[in-house]
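So in full-length UniProt numbering, the last one in the sequence shown is 281, and the numbering has no gaps at all.
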Amino acid sequence: MAATVRTSTASRLVRHGVLLVFVLLMIYPLLWMVVSSFKPSNLILSQTGIVPTDITLDNYVDGWDALGSPFTLFLGNSLLIGVGSVLGNLFSCSLTAYALARLNFRMNKVYLALTLMTIMLPFHVLVIPQYILFAELGWINTYIPLLLPKFLATDAVFIFLMVQFIRSLPRELDQAAMIDGAGPFRIFWSVILPLMQPALITTTIFTFIWTWNDYFGPLLYLTRTELYTVPVALKSLVDTETTSGIGTMFAMSLVSLVPIVLFFVFAQRYIIKGIATTGIK
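Put into structure tokens, the structure is as follows:
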């Protein structure tokens with residue numbers, strides 16, 4: 001019996017040891033970035049270890065105003081676009097999904113199929129016509145090209161997610177509301193939408209993270225420094241010809257992670273609930 005216990009304990013220790021090694025390998029790049037943000041820029045690439053020989057806060061001080069504006073401006077710009085994109089997707093995708101999942105109208109299935117086909121359409125195919133359209137409307141160097149598509153239900157992934165979730169809800173709920181005199185919009189607002197919380201939470205999570213990390217869209221439509229989002233600002237900190245600015249980029253990259261970390265800390269319960277419940281549905 002004792003031998004069996006010792007064998008079981010040794011087996012658990014080995015498994016945990018292997019897992020610990022993999023964890024360290026996975027988080028090593030993050031640890032290296034954190035340590036490098038406190039190193040002088042000339043030592044970052046010459047001393048690749050995670051134990052610094054010289055510690056300085058100059059990267060944070062220099063990076064905060066490196067582009068002529070405080071870094072809080074870029075954080076605010078990204079937050080504005082992120083929150084606007086979340087609201088746009090929640091509004092437009094939920095309405096579209098409800099119409100495709102519950103309302104009976106001509107060519108319903110065709111519209112759903114066309115919506116799903118847009119998922120397979122590469123984003124870069126639409127870049128040129130979209131840019132020309134927004135340029136003709138005079139919307140370059142504004143946030144409209146980044147926010148307007150979200151309010152027009154262009155993210156078919158979330159539409160499909162919500163359609164599948166709504167279809168899992170019993171239609172008897174709709175019928176009971178119709179007997180009480182509720183119309184389609186009242187049914188959506190009072191019956192369906194409150195039950196869609198897991199799907200809405202999942203949409204919120206991924207929309208915010210994808211928007212916060214988006215580099216190509218802001219780079220394409222925003223050329224004025226005061227309009228930059230965090231990813232574009234981080235790229236602008238690095239001199240493409242030399243390694244100068246790499247320390248400030250690491251420092252500001254670490255700062256840019258703070259909102260995402262706080263988002264996960266305060267919304268962890270809803271994140272787990274939303275993903276798990278949506279997967280079950």
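Just so it is clear, CB atoms sit at the ideal spot from N, CA and C, and this is done for glycine as well.
Could you tell me which of M196, R106 and F160 sits nearest to L169, measuring between CA atoms? M196
Taking 8 Å as the threshold, find out whether the region 247-258 comes into contact with the region 63-70 through three or more Cβ pairs. yes
Excluding the 5 residues flanking V232 on each side, which residues of the same chain have their C-beta closer than 6 Å to its C-beta? P218 and L219
Host alpha helix (DSSP H) of T211 (start-end): Q197 to N213
I need the straight-line Cα distance from L13 to T96, nearest angstrom please. 52 Å
If we ignore side chains and look at the alpha-carbon of each, how far apart do I150 and D214 end up? Residue 150 is actually Lys in this sequence, not Ile. Their backbone Cα atoms lie some 14 Å apart in a straight line.
Hey, L112 and V163: beta-carbon distance below 8 Å or not? yes
Quick test of the definition: if touching needs 3 or more C-beta pairs under 8 Å, does the region 177-193 touch the region 151-162? no
Which of helix, strand or coil does DSSP assign to K39? coil
Using the beta-carbon count (16 or more within 10 Å), is residue 293 buried or exposed? Residue numbering for the chain in the displayed model covers 1 to 281; residue 293 lies beyond these limits and cannot be assessed.
Spatially closest choice to T53 from Y60, N59 and L43, by CA coordinates: L43
Classify V230: buried if its beta carbon has 16 or more other beta carbons within 10 angstroms, exposed otherwise. buried
Simplified DSSP state of L112, which is helix, strand or coil: helix
Going by C-alpha distance, which of P184, F263 and M178 is nearest F105? P184
Can you give the beta carbon distance from S37 to F250, rounded, assuming they're within the 8 Å contact cut? 4 Å
CA nearest to the CA of I159, picked from I246, L30, L80 and N89: N89
Confirm, please, whether the CB-CB distance from S78 to T225 is below 8 Å. no
Are the beta-carbon atoms of A177 and I187 separated by less than 8 Å? yes
Roughly how many angstroms separate the alpha carbons of A199 and T48, rounded to a whole number? 43 Å
Nearest to N59 (by Cα), restricted to the options R15, L234, A267 and F266: L234
What does the Cβ neighbour count give for A99, buried or exposed, with the cut at 16 atoms within 10 Å? buried
Quick check: T207 and S11, are their CB atoms within less than 8 Å of each other? no
Which whole-angstrom value describes the C-beta separation of G247 and K109, a residue pair presumed to lie in contact below a C-beta threshold of 8 Å? About 56 Å separates the two Cβ atoms, so there is no contact after all.
Give me the residue from W32, S94, D180 and V23 with the minimum Cα distance to residue 297. Outside the displayed span of the chain (1 to 281) sits residue 297, for which this structure offers no information.
Decide if L31 is buried, meaning its Cβ has at least 16 other Cβ atoms within 10 Å, or exposed. exposed
When you compare each of I209, G245 and T223 to F263 by their alpha carbons, which one comes out closest? I209
Quick one: grab the DSSP three-state call for A66. coil
Rounded to whole angstroms, what is the Cα-Cα separation between I27 and V265? 18 Å
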